[in-house]
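Read in order, the letters of the sequence shown are residues 117 to 338 in the working numbering.
The beta carbon of each residue, even a glycine, is placed where N, CA and C say it ideally should be.
Single-structure report; data block below.
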Amino acid sequence: MQNFKAGLLKDNPVFSLYLGICSTLAITTTVNNAIGMGAAVIMVLIISNVIISAIRKIVPDDIRIPVYIVIIATLVKIIQMLIEAYAPALNTSLGVFIPLIVVNCIILGRAEAFASKNGIMDSALDGLGMGLGYTLAVLAMAFIREVLATGMLNIVNPFDEAQVLLNVTLIPEEYTIGLFNSPVGAFITFACLAAALTAYKTHAEEKAAAKAAELKEVKQNG
117 MQNFKAGLLK DNPVFSLYLG ICSTLAITTT VNNAIGMGAA VIMVLIISNV IISAIRKIVP
177 DDIRIPVYIV IIATLVKIIQ MLIEAYAPAL NTSLGVFIPL IVVNCIILGR AEAFASKNGI
237 MDSALDGLGM GLGYTLAVLA MAFIREVLAT GMLNIVNPFD EAQVLLNVTL IPEEYTIGLF
297 NSPVGAFITF ACLAAALTAY KTHAEEKAAA KAAELKEVKQ NG
């Protein structure tokens, strides 16, 4: 459970570990893209972690990385085919970034660093935590970029693009900033959110250290 919680904030794969940044910067132009990519990454992370954990004792060390890549690539291809069949609009908007999940540092990193060394349940929770952490990161970036660039938040049904689930104007058109629809806007958004999370963690650590010092002083005086 501790690993699950860590992936959400403390060890967030995007803003703390700085993994999977390429896809994060590219697909966060809309919330729809972020939801689709986040769901795909969550599924691949959980299933690949479970499989790799289950076979970790029978895979020779010298070929473990190729084995991991084959497993991940197979899962990604299955998910890509499902998206093509049931959510073609999402497949078109995400484009090449769905197949590139195969080489996403988050997936392979968790396989090597955690799933290959821990049990199935712990590995599944780790995959879920990291996947949700990635999804929260891309959703935060996509929300900021879409709203600032277009002034609107537009969410459609990924299985039926004609069905609008949410369409609301948050900023008048004359106050929008088109820059946030470009790569420069992606870098600015990423930098601001990463800095904010770092500041929050630093403050939390300083507060915890001060509390620990206070308790130690009380014990010594007591």
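Coil, strand or helix - residue 285 by DSSP = Residue 285 carries a strand assignment under DSSP once its states are collapsed to helix, strand and coil.
Among 202, 271 and 199, the one whose alpha carbon lies nearest that of residue 145 | For residue 145, the nearest C-alpha among the options comes from 271.
Return the residue from the list 180, 126, 177 and 191 that minimises the CA-CA distance to residue 157.
-> Answer by Cα proximity: 191.
Opening and closing residue of the beta strand (DSSP E) in which residue 272 lies = Segment 268-273, the beta strand (DSSP E) holding residue 272.
Can you name the start and end residues of the alpha helix (DSSP H) that residue 337 belongs to?
-> Membership of residue 337 in the alpha helix (DSSP H) is indicated by the continuous run 299-337.
Residue 135: which of 219, 296 and 197 sits nearest, CA to CA?
-> Nearest C-alpha to residue 135: 219.
Is the beta carbon of residue 58 less than 7 Å from the beta carbon of residue 129?
-> A query on residue 58 cannot be resolved here, the shown segment of the chain reaching from 117 to 338 and no further.
Give the range of the alpha helix (DSSP H) segment to which residue 233 is assigned.
-> Premise fails: residue 233 is in no alpha helix (DSSP H) and is neither H nor E.
Cβ atoms of residue 257 and residue 305: under 7 Å apart, would you say?
-> In contact: residue 305 and residue 257 (Cβ atoms closer than 7 Å).
Using the C-alpha atoms, what's the distance from residue 251 back to residue 226?
-> The alpha-carbon atoms of residue 226 and residue 251 are separated by roughly 16 Å.
Alpha helix (DSSP H) segment containing residue 200, residue limits = Segment 180-202, the alpha helix (DSSP H) holding residue 200.
Cα-Cα separation between residue 233 and residue 184, rounded to whole angstroms | Distance between residue 233 and residue 184, taken at the CA atoms: about 13 Å.
Can you name the start and end residues of the alpha helix (DSSP H) that residue 169 belongs to?
-> Residues 147-171.
Residue from 195, 274, 205 and 216 whose Cα sits closest to the Cα of residue 138 | The candidate whose alpha carbon is nearest that of residue 138 is 216.
Report all residues from its chain with a CB closer than 7 Å to the CB of residue 246; omit the five preceding and five following residues, and keep chain order.
-> The residues are 123, 129, 161, 222 and 226.
Between residue 264 and the rest of its own chain, which residues show a CB-CB distance below 6 Å, the 5 nearest in sequence each way excluded?
-> Take residue 264, set aside five residues on each side of it, and the residues of its chain with a beta-carbon closer than 6 Å to its own are 293 and 296, in chain order.
Can residue 250 be considered in contact with the ligand MN, in the sense that its beta carbon sits closer than 6 Å to one or more heavy atoms?
-> Looking for the ligand MN in the displayed structure turns up nothing, as the structure carries no ligands at all.
Counted within 10 angstroms of its Cβ, other Cβ atoms place residue 210 as buried (16 or more) or exposed | A residue is called buried when at least 16 other Cβ atoms come within 10 angstroms of its Cβ; residue 210 meets this threshold and is buried.
Residues bridged to residue 276 [DSSP beta-bridge criterion] | Looking at the DSSP output, residue 276 sits in a beta bridge with 273.
Looking at the unbroken alpha helix (DSSP H) that takes in residue 139, where does it start and where does it end?
-> Taken as a continuous stretch (DSSP letters only), the alpha helix (DSSP H) holding residue 139 covers 137-143.
Work out the CA separation of residue 125 and residue 200 for me, nearest whole Å.
-> Roughly 32 Å separates the two Cα atoms.
Which class does residue 97 belong to by DSSP, given the choice of helix, strand or coil?
-> This structure leaves residue 97 out entirely; the chain is present only between 117 and 338.
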